[in-house]
Amino acid sequence: MTNDWETIIGLEVHAQLSTESKIFCGCSTRFGDEPNSNTCPVCLGLPGALPVLNWRAVELGMRAALALGLHINERSIFARKNYFYPDLPKGYQISQFDQPFSADGVLEIMTADRDEAGHAHDWRPMTVRITRLHLEEDAGKNVHEGLPDVDRYSYVDLNRAGTPLAEIVTEPDFRTSWQAYDYVNHVRRALQWVGASEADMEKGNLRCEANVSVRRRGDKTFGTKVELKNLNSVRFMQKAIDFEVERHIKTLESGGRLTQETRLWDNRLTETRPMSLKEEAHDYRYFPEPDLPPLVVTNEFVDDVLKSMPELPDVRRKRFMEQYSLSFADASQLNAERSLADYYETAVEASGGNARATANWIRSELLRELENAGVTAAKSPVPALELGRLVSMIDEGKISGKQGKDVLVAMFASGQSAAAVVEEKGLVQVSDTGEIDRVIDEVIAASPRQLEQYRAGKETLFGFFVGQVMKASKGKANPKVVNERLKEKLK
Ligand SMILES: [Zn+2]
106 MTNDWETIIG
116 LEVHAQLSTE
126 SKIFCGCSTR
136 FGDEPNSNTC
146 PVCLGLPGAL
156 PVLNWRAVEL
166 GMRAALALGL
176 HINERSIFAR
186 KNYFYPDLPK
196 GYQISQFDQP
206 FSADGVLEIM
216 TADRDEAGHA
226 HDWRPMTVRI
236 TRLHLEEDAG
246 KNVHEGLPDV
256 DRYSYVDLNR
266 AGTPLAEIVT
276 EPDFRTSWQA
286 YDYVNHVRRA
296 LQWVGASEAD
306 MEKGNLRCEA
316 NVSVRRRGDK
326 TFGTKVELKN
336 LNSVRFMQKA
346 IDFEVERHIK
356 TLESGGRLTQ
366 ETRLWDNRLT
376 ETRPMSLKEE
386 AHDYRYFPEP
396 DLPPLVVTNE
406 FVDDVLKSMP
416 ELPDVRRKRF
426 MEQYSLSFAD
436 ASQLNAERSL
446 ADYYETAVEA
456 SGGNARATAN
466 WIRSELLREL
476 ENAGVTAAKS
486 PVPALELGRL
496 VSMIDEGKIS
506 GKQGKDVLVA
516 MFASGQSAAA
526 VVEEKGLVQV
536 SDTGEIDRVI
546 DEVIAASPRQ
556 LEQYRAGKET
566 LFGFFVGQVM
576 KASKGKANPK
586 VVNERLKEKL
596 K
C-alpha cells in the first residue's frame, strides 16, 4: 500500500552563527544570561536606533555557505519581514528576501537505509540541492514556564533578539525521513567543523522545519503540503515526518482531504497536531531595509575566507580512505569530529606511519575510554603523540598487544606517558633470544612425555609448549620470538 505513494520532503534549517555579539548591535549573544540583560535600543527596536552590520556574522555565514556548496552572491539585500508577535519588538525582522546572501548549492551527503532496530546499512552518496542560505536576525522568546505567575502572565525575554542566523533552505529533494535525518546531521557537523555555528539543537542554536507531502507514484504535481515545527532534535524530526506521511496516506486512501497547515510535533504523545495560532496566510510585505546598505562581498574576501577554512569532512574522509587505506566505515568514524580526525593524523605520524594499527587502537580502545569519560578527542588525557608512541612500542615488540590495552587504560587514568607506564608496571617484553632459549630449555626438560608425543607427530602440543614458556616468563616473553625459537628447538 505505502509503495503506491511517494514522499516529498523539503527542509529549512536555522543555524545560529557563533558570533560574540548580535548581528546589528554590540549586545552579547551569550546563552543563559539574566533575561533581557543583553539588550540595547537597537535590538529593543526603540525609535531612532539604527542597525550596523556585524561583519563577523558575514564571515561565519560565508563559511557555512561555502561548506555547504553554495554560490556566494557578490551583492545581497537585507529586507524587512513584517509581522506582529510579542517577541518581535520592532514589528519586523531584518532578513533577506529576493536577493539572498548565497544560493544554488549542490551538496553531496551520505545517506543509508535503516533496519527495524534503526541501524544504518548501505551508505551511499546523495545529491541535495540547496536553494539558498541567507542571513537574518533571530526574534526574542516568549516565556511561558519557570516563573511563579505564568498562569496569569506571559513574559518576554529579548536576549536572543538580534542574534545572527543563517537560514538554509533545500529543494524538495528528500524521499524518506532518514534522508532528511542524514542531511540535517551532515549540515550540523559541517557547520561545527568550519566553526560557523555550535549547531547544538538542545541549546536551540540549530532548529529545523520540514515541509512534507505525499503523491501517488508517477504524479507530476505535488500533494498538499504540511509544515512541521517544534522539532527539537534530529530524531524527533525523523519521527514527525514518518508520522505525517502515514497520516497523509491514511487520510487520502480513505477518501479524506488534507489541509495545508503548520503542525507541531508532540514528543510525549508521539504525534503532530495543528498549530492553534492561525498564521497560514503569510503576508510579510517584504521591502528592502532602508537603514542598511546592500551587502557587498569582494572576491578577495571570499578567497580569504576559503583559505582560512579547514579541509571539509567529506574531502577528508575520502583522503583518509586513499592515503591510509581505511574502509569507508573506519574513515567515517574517524571523521565524525574534527578533533578526532586531527588526533588520528597526529597519532599516525607519531606511530611511525602505522595508519591501520593506529586506526584500530583509536576505534576499539581509545573511543571507549573517551565515551566512558564523556570527553572528546581534543580533551583526551592520552595525547595523540603518546597513543602513536604506544602503537610503535607494540610494533617494535617492546610490549605485546594485550599488554598495550592495559597500558592504554593506565595512561588514560593517570595521564602518564606510554614509556612511564610500561616502566612502572615492569612490562617490558623480553625479546632477547638467549633469555628465551633458557626458559624453553627448562620447559622442555620438565615435559619429557609431551616432547615425545610431539615428536611422534602430535603437533597440537605446540600450543602447550607456548603456554608453558609464556607462563614461566610471567607473560613477558615476546610471543613471536617464543614461536620461532620453539619451532627450532622442538625439531
Ligand atoms: Zn542590542
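The opening position of the sequence shown corresponds to residue 106 in this note's numbering, with each subsequent residue numbered one higher. Beta carbons: idealized from backbone N, C-alpha and C, even for Gly. This structure is a prediction, so every number in the text was calculated from the model and none was measured.
Residue of the options minimising C-alpha distance to residue i
| i | options | result |
| --- | --- | --- |
| R443 | P418, T463, R461 | P418 |
| L333 | L311, I114, T367 | T367 |
| G539 | D511, T565, N583 | N583 |
| G323 | I235, N108, D388, S497 | N108 |
| L252 | A244, V261, G245 | V261 |
| R378 | F392, R352, E394 | R352 |
| P553 | S430, F570, A266 | F570 |
| A244 | V586, Y190, E307 | Y190 |
| A304 | C313, R293, Q438 | R293 |
| F406 | K581, V420, L165, T144 | L165 |
| K507 | K581, P194, N440 | K581 |
| D138 | V480, S259, K308, Q201 | K308 |
| R373 | S133, K423, A225, N335 | N335 |
| P194 | A225, Q204, R265 | R265 |
| T232 | A285, K325, L397, A225 | A285 |
| K579 | K530, F567, A551, V350 | K530 |
| D396 | Q198, D203, E358, R135 | Q198 |
Near ligand 1: residue i beta-carbon under 7 angstroms from a heavy atom
| i | result |
| --- | --- |
| V401 | no |
| V147 | yes |
| Q144 | The sequence shown places Thr at residue 144, not Gln. Yes, ligand 1 has a heavy atom inside 7 angstroms of this Cβ. |
| K195 | no |
| G246 | Contrary to the premise, residue 246 reads as Lys rather than Gly in this sequence. Checking every heavy atom of ligand 1 against the Cβ of K246, none is found closer than 7 angstroms. |
| V267 | A small fix is needed here, since residue 267 is Gly in this sequence, not Val. Checking the Cβ of G267 against ligand 1 gives yes. |
| C313 | no |
| K127 | yes |
Limits of the beta strand (DSSP E) - the one that residue i falls within
| i | result |
| --- | --- |
| H249 | Here H249 belongs to no beta strand (DSSP E), and DSSP marks it neither H nor E. |
| G210 | 207-219 |
| M231 | 225-242 |
| Y197 | 197-201 |
| R543 | First-last for R543: 538-551, but that is the alpha helix (DSSP H), not the beta strand (DSSP E). |
| Y449 | Looking at the DSSP string, Y449 is not in any beta strand (DSSP E); the run it does join, the alpha helix (DSSP H), is 443-455. |
| A118 | Per the sequence shown, the amino acid found at residue 118 is Val instead of Ala. That run of the beta strand (DSSP E) goes 110-121. |
| T367 | 366-371 |
| L175 | Where L175 is concerned, there is no enclosing beta strand (DSSP E), given that its DSSP letter is neither H nor E. |
| P140 | Here P140 belongs to no beta strand (DSSP E), and DSSP marks it neither H nor E. |
| F183 | 183-187 |
| P269 | 269-275 |
Beta carbon of residue i nearer than 8 angstroms to that of residue j
| i | j | result |
| --- | --- | --- |
| M380 | L363 | no |
| N187 | Y389 | yes |
| R280 | W110 | no |
| V496 | T451 | no |
| L263 | L151 | no |
| Y391 | A208 | no |
| I504 | V527 | yes |
| S469 | G493 | no |
| Q573 | V548 | yes |
| F433 | W283 | no |
| G223 | V147 | no |
| A460 | S437 | no |
| L270 | A169 | no |
| I346 | V319 | no |
| L475 | A482 | yes |
| P399 | I182 | yes |
| C132 | T144 | yes |
| I545 | L591 | yes |
N- and C-terminal bounds of the alpha helix (DSSP H) containing residue i
| i | result |
| --- | --- |
| T377 | Note, T377: premise wrong, no alpha helix (DSSP H); beta strand (DSSP E) at 376-379. |
| D262 | Here D262 belongs to no alpha helix (DSSP H); instead the beta strand (DSSP E) covers 260-262. |
| A345 | 339-358 |
| T463 | 460-466 |
| S437 | 433-439 |
| A577 | 567-577 |
| C130 | Taken as a continuous stretch (DSSP letters only), C130 belongs to no alpha helix (DSSP H), as it is neither H nor E. |
Distance cut-off 7 angstroms: residue i Cβ against heavy atoms of ligand 3
| i | result |
| --- | --- |
| G562 | The ligand content of the structure shown is limited to ligand 1, which means ligand 3 is not among them. |
Below 8 angstroms, how does it come out for the stretch 152-160 and the stretch 172-180: are there three or more Cβ pairs, yes or no? no
Contact between the stretch 338-347 and the stretch 285-294 is defined here as three or more beta-carbon pairs at a separation below 8 angstroms; is this criterion met? Look at the beta carbons and you see the stretch 338-347 touching the stretch 285-294: at least three pairs across the two are nearer than 8 angstroms.
Quick check: the stretch 115-123 against the stretch 270-286, are at least 3 beta-carbon pairs closer than 8 angstroms? yes
Between the stretch 213-225 and the stretch 239-246, are three or more C-beta pairs nearer than 8 angstroms? no
Three Cβ pairs or more, each shorter than 8 angstroms: is that satisfied between the stretch 407-427 and the stretch 293-308? yes
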